[in-house]
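Residue numbers (the working numbering), protein chains in the order written: chain C, 4 to 300; chain V, 23 to 674; chain B, 56 to 317.
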Amino acid sequence: MNFFLEVVAGGLLAGVMYALVALGFVLIYKASGVFNFAQGSMVFFAALTFVSLTERGWNFWLALAVTLGVMIVLGMLIERIVLRPLINQPPITLLMATIGLTFVLEGLSQLAFGSQPHGLELGIPDVPIEWLSEKWNINISQFDLFAAFVAGLLVVILAVLFQKTRIGRALRAVADDHQAALAVGIPLQHIWTIVWAVAGCVALVAGMMWGVRNGVQYALTFTALKALPVLILGGFVSIAGAIVGGLIIGASEKLAEVYIGPMVGGGIESWFAYVVALLFLLVRPEGLFGEKHIDRV
Amino acid sequence: MAPDIGTFDTFPKLLLHHARVRPSRPAIREKDLGIWQTHTWHEFAEEVRALACGLAGAGFRRGEHFALVSDNRPRLYAMMYAVQCLGGIPVPLYQDAVATEMAFPIQNAEIRYAFAEDQEQVDKLLEIMPQCPTLKRIVYDDSRGLRHYRQQELLSYEGMLAKGREALARDPAFLESEIAKGHGSDTAAMLFTSGTTATPKGVALTHHALIDRAKVAAELENLGDADVVLAYLPPAWVGQFIFSLAQPLVTGYCICCPEAPDTVMMDMREIGPTYYFAPPRVLEALLTQVSIRMEDASRLKRWLYRRFMAVAHRAGGAILDGRPVSLADRFFYFFGDLFIYGPLRNVLGMSRVRVAYTAGEAIGPDLFKFYRSIGINLKQLYGSTETSVFVCIQLDGQVKSDTAGPPVPGVELKFTPERELLIRSPGLFKEYYKNPQATSEAKDAEGWFHTGDAGYFDPDGHLKIIDRVKDVGKLADGTLFAPKYLENKLKFFPYIKEAVCFGDGRGTVCAFINMDQDAVSNWAEKRNMPYSGYTDLASRDEVYDLVRDCIERVNRDLAAEPEIAGSQITRFLILHKELDADDGELTRTRKVRRRFIGERFDSLVDALYAGKDAVHVEAQVKYEDGRSGTFSADLKIRDAKTFAPAAAKKAA
Amino acid sequence: MSERPAPGEVVLSVEGVSLSFGGVKALQDVSFDVRSREVRAIIGPNGAGKSSMLNVLNGVYHPQKGKIRFKQKEFADMDSHEAAALGIARTFQNIALFKGMTVLDNIMTGRNLKMRCNIFQQALWIGPAKREELEHRRAVEEIIDFLEIQHIRRTPVGRLPYGLQKRVELGRALAAEPELLLLDEPMAGMNLEEKQDMCRFVLDVNDHFGTTLVLIEHDMGVVMDISDRVVVLDYGRKIADGMPEEIKGNQKVIDAYLGVAH
């Protein structure tokens with residue numbers, strides 16, 4: 004039983020990490036209807052910028068602030084250079100544009116900071132919490148818990164931003180209906196800039212968390228692929244969906260690895276999430292928290 | 023710490039008392055611009071005082087009547103109190119009445135001053151000005167749309183309040199002395215009875231009558247200043263008048279005014295009243311809403327709902343009454359409460375309801391039990407405008423679905439040989455205004471009020487009202503025959519839309535049944551029963567069996583009531599057509615016109631009593647396109663089982 | 056807010072406006088004016104150019120010829136964002152509300168142009184931003200009260216019946232406190248009762264807020280009752296302009312509606 008709990012807890016906490024990446028996707032998809040293929044490279048870019056700055060001896064907070072600034076500027080640039088010229092183009096064009104963006108970002112970051120992997124240390128050890136393992140013999144990483152806390156904080160901040168402020172309302176309005184938003188005088192470009200900047204900040208947080216776990220390296224861009232099943236599960240437009248989807252994927256893949264894995268010879272973890280997503284797609288294509296599309300006649 | 027109603031014997035005196043003893047407690051709330059605005063007792067009393075001075079300045083005199091047409095608003099109530107401060111008599115009118123209906127009370131009481139909530143009500147009052155020459159001032163609250171009105175009769179509430187404030191500051195003693203002049207025996211309010219048959223009658227109620235009854239009932243239910251009431255029914259109705267004026271004054275509780283008629287449900291959820299009143303039709307509408315939502319819910323939720331409602335039906339009422347319940351049921355009820363009943367109460371806005379009343383018309387036992395089973399302490403009461411409401415109230419733990427409970431302290435009840443209920447109570451009305459003849463007919467020399475209702479006490483001493491006296495008859499053997507009571511019992515079954523019972527002066531009781539087409543056709547579809555139309559369906563043996571089952575269940579109930587056990591229904595038929603107001607068989611308010619139907623279908627009645635198995639009918643029918651034709655069919659007549667009074671007790 | 060012109064003064068004038076799309080002439084040399092606080096209707100059969108006219112006034116289309124003057128300021132190629140900032144608001148024939156958002160939020164978006172605090176103040180939900188939000192909320196609540204839609208305040212717009220959605224859209228336009236409100240077929244697709252309600256609200260808006268109204272309508276009957284002056288368009292040309300009674304008797308108008316060939 005303890006083992007089971009440990010697996011579930013570990014899975015849930017890993018799920019939080021997926022959710023962090025998925026959040027970035029959701030933000031941009033909600034506001035502009037674009038599946039931002041470049042989210043993974045933004046995560047990589049953010050983490051690499053941050054780690055390079057700290058390695059140059061910058062103070063942690065200064066590096067964080069500067070990287071945040073960089074991500075915000077990046078968001079603005081993307082809106083100005085990539086999205087604005089493509090306004091009113093079909094979604095597939097925008098998707099292609101973000102794929103292009105992926106390569107640009109990857110190239111750019113490696114050009115700027117080199118291609119060797121970096122270790123990242125935030126001062127929180129990735130070791131089991133002692134009293135938990137002593138008392139109940141459950142191993143839960145201190146860092147995982149920290150990551151979960153950070154994710155939770157991020158969600159609260161985003162929720163307040165979206166539900167309680169004018170920007171949030173404008174953003175929801177844009178997400179709902181571009182044309183109507185323009186008509187009431189909501190500046191679309193402005194909103195997109197903000198969303199991309201916020202997505203950049205979320206990417207930084209995700210990049211830092213993943214960086215500590217796996218090191219800051221090119222493989223980080225593939226975390227984006229892990230977010231895909233999460234999004235399918237949770238729906239592309241729901242922040243809550245991203246979190247719950249992440250938790251379900253994290254827990255189920257860990258459980259599958261431990262309990263089903265041995266039967267089929269292991270290695271299940273890397274693809275099980277997609278199976279779950281696929282099954283889910285058959286049952287509820289709009290995702291757990293997605294909006295059911297109802298056509299009014 | 024209830025106020026001493028000997029000293030504080032009028033509404034204004036009590037209001038000022040509360041402003042002194044609980045100045046910062048909420049007296050009245052209103053949702054305005056999306057936010058609940060609170061007026062404390064102190065603030066509210068100050069507004070009333072200033073308003074009273076403004077009203078006096080506008081020429082209002084002691085003893086005058088003052089008409090008010092408004093939804094529940096703090097300003098409406100402030101106005102009523104202000105009128106009473108000056109020894110005037112507020113006359114609240116139904117806000118949804120058409121203009122012509124407002125003319126009579128205003129002419130009758132020679133009303134000079136009126137309060138109108140908004141443009142709509144102002145328009146109505148202006149419309150009847152020519153018929154009501156006495157009316158000379160209309161104070162309005164909401165000025166929207168009134169900017170271009172130039173009538174000199176119009177006066178804004180704000181304007182009156184501002185002038186009143188100045189006057190009050192100049193001479194505070196004036197108002198003190200005006201309030202002190204009031205006595206408990208003065209008329210506190212005049213409420214017009216709707217009067218379905220004749221012209222409306224103005225029921226004059228004294229301060230003492232209202233305050234005394236309000237206090238007795240409040241003590242019975244342990245109401246205090248922590249209680250909260252949602253004022254959502256018309257203020258012209260005596261119940262709302264009591265709940266939002268008299269009872270707050272004896273307890274100090276807070277009343278809340280909804281934002282708009284359409285928001286009552288939401289406002290109720292936000293406020294969470296602890297003390298609640300709803301006529302059966304409102305309770306019915308709420309239940310319908312719940313049922314509709316459940317039909318849209320997921321399969322799992324529906325299953326859970328059905329399961330747990332069954333538990334509630336079995337054990338809920340008993341748990342509420344503190345009667346013994348099996349441990350298993352208690353266990354399930356606990357979980358049901360957690361997952362179903364609690365959330366349901368929350369949706370209904372009844373999470374905090376401690377005492378809920380229903381009255382006004384007969385309530386279906388299933389409807390009544392539904393609310394009790396989910397843990398809402400719904401009780402019935404008996405009363406009327408003439409009695410300041412409270413005559414009988416069901417006591418906690420002794421609630422039955424078909425009685426109105428025992429008399430409240432201070433009330434004496436007795437029955438005439440004709441079974442008419444007579445009431446003597448401190449809460450009785452003073453008089454019908456300007457109608458001494460009606461007053462003396464209703465209230466005899468010994469002070470008994472003749473209600474016109476027929477009924478009896480059940481074995482536990484609870485009052486049971488069965489019908490209006492004029493409709494109650496006797497079977498040939500002298501057994502009490504209350505057709506409406508039987509018909510109502512039948513109509514509580516979903517399959518029966520209307521019923522008409524015959525038996526006055528005859529040996530037994532027979533009934534015409536009108537099936538409910540929707541419910542019965544639904545039922546038939548579920549059984550894959552083909553039928554070609556209403557008449558065909560109504561003549562099916564299966565439907566006859568269905569209806570007979572309903573009738574026999576009524577008979578079983580009747581057998582348990584010694585007074586009317588003899589009036590069980592022996593024979594019935596299902597009518598070939600729906601009773602219709604257009605054919606004169608129903609009144610416009612959908613009440614059956616028993617005598618008319620009896621004469622129109624006399625051959626059917628004769629066949630019922632002649633013991634035949636079937637009867638041939640031929641009728642002229644008018645189709646909807648205006649053509650008419652004849653219709654003929656054979657209607658079946660069936661017997662229903664009756665139960666011996668003693669045996670039924672055991673069976674039940 | 057800038058000083059409002061006195062009632063009756065000309066606030067908007069359209070002079071010789073022509074608009075064409077490719078070869079199609081949508082508007083040809085149309086001139087008329089709108090006086091402060093009046094209800095001005097533009098009517099005409101289908102395809103007469105009513106919507107084009109409204110879109111010109113709103114800055115969506117830019118006419119090839121002609122001048123438009125709003126409050127003595129001339130604008131030739133103003134876009135709709137600027138028009139909104141100048142105090143021109145509009146509703147749409149096909150309701151352009153945010154279907155997934157609540158009525159309250161929808162109307163709040165109408166106040167977007169009136170909000171001043173920047174994103175950082177908002178993100179932190181600090182003093183000025185909070186105060187500002189509350190002020191706007193109050194203004195919006197007054198509109199909700201005015202339009203009698205308290206009961207649906209928290210309902211997502213997509214779930215409301217058509218007539219109510221129209222009312223919400225009117226509310227959102229009002230939230231911008233416009234000086235000139237353009238209504239694009241406000242009664243289209245409504246049943247009689249809804250039309251009556253809408254008429255009442257349109258007149259109330261005019262009366263209560265002193266808003267100048269320009270509305271286009273296909274249905275002549277409704278418009279005649281509520282407008283002060285009427286412009287009639289047919290095939291992109293103005294064929295009549297005057298009081299409703301004059302319009303009703305105008306032979307050209309009758310012909311246009313009956314479809315008499317030119």
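Glycine included, each C-beta is placed from N, C-alpha and C at the ideal position.
Coarse secondary structure for residue 209(V), derived from DSSP in three states: strand
Selection from 401(V), 407(V) and 409(V) that minimises the alpha carbon distance to residue 427(V): 401(V)
Cβ-Cβ separation, residue 140(V) to residue 118(V) (assumed contact under 8 Å), whole Å: With 8 Å as the limit, residue 118(V) and residue 140(V) do not qualify as a contact, their Cβ atoms being about 13 Å apart.
Residues in the stretch 92-114 of chain V having any Cβ partner in chain B nearer than 7 Å: none
Own chain residues within Cβ distance below 7 Å of residue 97(C), not counting five before or after: 37 and 89
Integer Cβ distance of residue 213(C) from residue 228(C), believed to fall under 8 Å: So it is not a contact: roughly 13 Å between Cβ atoms.
The beta strand (DSSP E) enclosing residue 537(V), as first and last residue numbers: 531-537
With 16 other Cβ atoms within 10 Å as the buried cut-off, status of residue 313(V): exposed
Given residue 388(V) as reference, the closest of 652(V), 306(V) and 263(V) once Cα atoms are compared: 306(V)
Residue 72(V) burial status per 10 Å Cβ neighbour count (16 or more: buried): buried
Presumed contact (8 Å Cβ cut-off) between residue 212(V) and residue 105(V), rounded CB distance: Going by Cβ atoms, the distance from residue 212(V) to residue 105(V) rounds to 11 Å, so no, they are not a contact pair.
Chain B within 8 Å of residue 175(C), Cβ atoms only: yes
Exposure label - residue 3(C); buried when at least 16 CB within 10 Å: Shown here, chain C extends from 4 to 300; a query on residue 3(C) therefore has no answer.
C-alpha distance - residue 416(V) paired with residue 663(V), whole-angstrom precision: 33 Å
Any chain V beta carbon closer than 8 Å to residue 129(B): no
Contact the stretch 277-287 of chain B vs the stretch 90-106 of chain B: 3+ CB pairs below 8 Å: yes
Amino acids of chain B, ordered along the chain, whose beta-carbon sits closer than 9 Å to that of residue 294(V): Per Cβ cutoff of 9 Å: no residues; residue 294(V) is ~17 Å from chain B at best.
Reduced DSSP category for residue 298(C) - H, G, I as helix; E, B as strand; rest coil: Its pLDDT being 42, under 50, residue 298(C) is placed unreliably by the model, and nothing is read from it.
Alpha helix (DSSP H) segment containing residue 197(C), residue limits: 191-217
Uninterrupted alpha helix (DSSP H) stretches inside the stretch 305-345 of chain V (no shorter than 4 residues): 321-333 and 339-343
Given residue 287(V) as reference, the closest of 349(V), 254(V) and 559(V) once Cα atoms are compared: 254(V)
Under 8 Å from the C-beta of residue 51(B): neighbouring residues of chain C: Residue 51(B) lies beyond the range of chain B shown here (56 to 317); nothing can be said about it.
Residues within the stretch 189-206 of chain B neighbouring chain V, beta-carbon criterion of under 8 Å: 192, 193, 196, 197, 199, 200, 201, 203, 205 and 206
Simplified DSSP assignment, three categories, for residue 470(V): coil
Residue range of the alpha helix (DSSP H) that includes residue 107(V): 96-107
Cβ separation of residue 579(V) and residue 511(V), assumed to be a contact under 8 Å, to the nearest whole Å: 7 Å
Any C-beta of chain B under 8 Å from that of residue 450(V): no
Stretch pair the stretch 65-75 of chain B + the stretch 583-598 of chain V: three plus CB contacts closer than 8 Å: no
Limits of the unbroken beta strand (DSSP E) element including residue 71(B): 65-76
Contacts of residue 55(V) in chain B (Cβ-Cβ under 7 Å): 193, 196, 197 and 200
Cβ neighbours of residue 213(B) in the same chain (closer than 7 Å, five flanking residues each side left out): 154 and 155
Own chain residues within Cβ distance below 8 Å of residue 609(V), not counting five before or after: 603 and 615
Contacts of residue 160(B) in chain V (Cβ-Cβ under 8 Å): Per Cβ cutoff of 8 Å: no residues; residue 160(B) is ~13 Å from chain V at best.
Within chain B, the residues that residue 282(V) reaches when beta carbons sit closer than 8 Å: 203, 205 and 206
Own chain residues within Cβ distance below 7 Å of residue 493(V), not counting five before or after: 505 and 506
Inter-residue spacing [alpha-carbon to alpha-carbon] between residue 300(C) and residue 247(B): In this prediction, residue 300(C) scores a pLDDT of 37, lower than 50, which makes its location untrustworthy; the coordinate-derived value is nonetheless stated afterwards. Approximately 21 Å between the Cα atoms of the pair.
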